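Take 13 as the starting number for the sequence shown in our numbering and just add one per residue.
C-beta atoms are modelled at their ideal positions from N, C-alpha and C, and glycine is treated no differently.
A quick note: this is a predicted structure, and the numbers were derived from the prediction, not measured.
Have a look at the structure below before the remarks.
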Amino acid sequence: MEFNPNRLVAPVCSLALVALPAFNVVAQSPANTKAQQEAQAQSIQAQSTNELANLISIALSNDGNRKQFYAQSEAMRETGVASATLMDPKLKVGFGGLPVDSFKFDEDPMTNTSVGLLHQFERGSTLDLQQKKANQQADGLSLQVHARELEVANSMTQLWLELGYQQKAEQILL
Numbered sequence: 013m014e015f016n017p018n019r020l021v022a023p024v025c026s027l028a029l030v031a032l033p034a035f036n037v038v039a040q041s042p043a044n045t046k047a048q049q050e051a052q053a054q055s056i057q058a059q060s061t062n063e064l065a066n067l068i069s070i071a072l073s074n075d076g077n078r079k080q081f082y083a084q085s086e087a088m089r090e091t092g093v094a095s096a097t098l099m100d101p102k103l104k105v106g107f108g109g110l111p112v113d114s115f116k117f118d119e120d121p122m123t124n125t126s127v128g129l130l131h132q133f134e135r136g137s138t139l140d141l142q143q144k145k146a147n148q149q150a151d152g153l154s155l156q157v158h159a160r161e162l163e164v165a166n167s168m169t170q171l172w173l174e175l176g177y178q179q180k181a182e183q184i185l186l
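The structure is reproduced here in structure tokens:
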């Protein structure tokens, strides 16, 4: 789920003419035709939209919570892969009754050697269930990443609009 800040900027474009920073008021002189004013307004709107998208991208790249959720999600996916594999087989070698003075296997009739192979298998479909569980937890963390992206984009848009409102109010008052 890759976040696209331009997707959130589109609804804000209608407010761009009213409350966006970097909005230069078009002079209302008779020399400016309506077409020129509309072209200027559209270019200012596009510029402001790009600026907001850039600010949202910068905020997302610097957001520590988003990075943390993303890292946890990836770690959980890797844990799911690891939990879906069988344990490694174990080789067991043993010696019993080996004379320690000569270390000869055929000297004492009580000397025995044992070689064994141990491999543990989980019952049923436990491995698949563990992987599905880990993947579902990772999907939940991915949704938290997406929710955090939307939260950051929303707060940046709100701050952007508030700044534009304050600048416009200052222009009106002065």
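Short Cβ contact (8 angstroms threshold) for residue i with residue j
i: ALA150; j: SER85; result: yes
i: ALA146; j: SER95; result: yes
i: GLY106; j: SER126; result: yes
i: TYR82; j: VAL157; result: yes
i: PRO111; j: ASP118; result: no
Residue i, enclosing beta strand (DSSP E) - first and last residue
i: ASN147; result: First-last for ASN147: 138 to 185, but that is the alpha helix (DSSP H), not the beta strand (DSSP E).
i: VAL105; result: 102 to 108
Residue i versus the options, residue with shortest Cα-Cα distance
i: THR61; options: LEU186, MET168 and GLN178; result: MET168
i: LEU77; options: LEU173, SER154, LEU186 and ASP118; result: Reading off the sequence shown, one finds Asn at residue 77, where the question assumed Leu. Residue SER154 is the option with its Cα nearest to ASN77.
i: GLN143; options: MET88, THR123 and TYR177; result: MET88
i: GLU198; options: MET122, GLN148 and LYS46; result: Because the chain spans 13 through 186 in this model, residue 198 falls outside it and cannot be assessed.
i: GLN80; options: LEU173, ILE184, TRP172 and ARG160; result: ARG160
i: ASN166; options: ILE68, GLN49, VAL93 and GLU63; result: ILE68
i: GLN170; options: LYS46, GLN49, ALA47 and LEU64; result: LEU64
i: LEU162; options: ALA47, LEU175 and ASP75; result: ASP75
i: ALA71; options: VAL93, LEU185 and TRP172; result: TRP172
i: GLY92; options: LEU139, GLN178 and GLU174; result: LEU139
Burial state of residue i (16 or more Cβ within 10 Å)
i: GLY152; result: exposed
i: GLU182; result: exposed
i: ARG135; result: exposed
i: ALA39; result: Note that ALA39 scores 43 on pLDDT, short of 50, meaning its location in the model is unreliable and no value can be drawn from it.
i: PHE35; result: Bear in mind that a pLDDT of 46 at PHE35, under 50, signals an unreliable position, so the number given afterwards is only what the model happens to contain. PHE35 comes out buried.
Residue i: first and last residue of the uninterrupted alpha helix (DSSP H) it sits in
i: ASN124; result: Careful: ASN124 lies outside any alpha helix (DSSP H), inside the beta strand (DSSP E) at 124 to 130.
i: GLU86; result: 76 to 95
i: LYS116; result: Segment: none, LYS116 is in no alpha helix (DSSP H) and carries neither H nor E.
i: GLU63; result: 46 to 73
Near the ligand GDP: residue i beta-carbon under 7 angstroms from a heavy atom
i: GLN48; result: The ligand GDP is not among the ligands present in this structure, which contains no ligands whatsoever.
Are three or more beta carbon pairs between the segment 99 to 108 and the segment 124 to 133 nearer than 8 angstroms? yes
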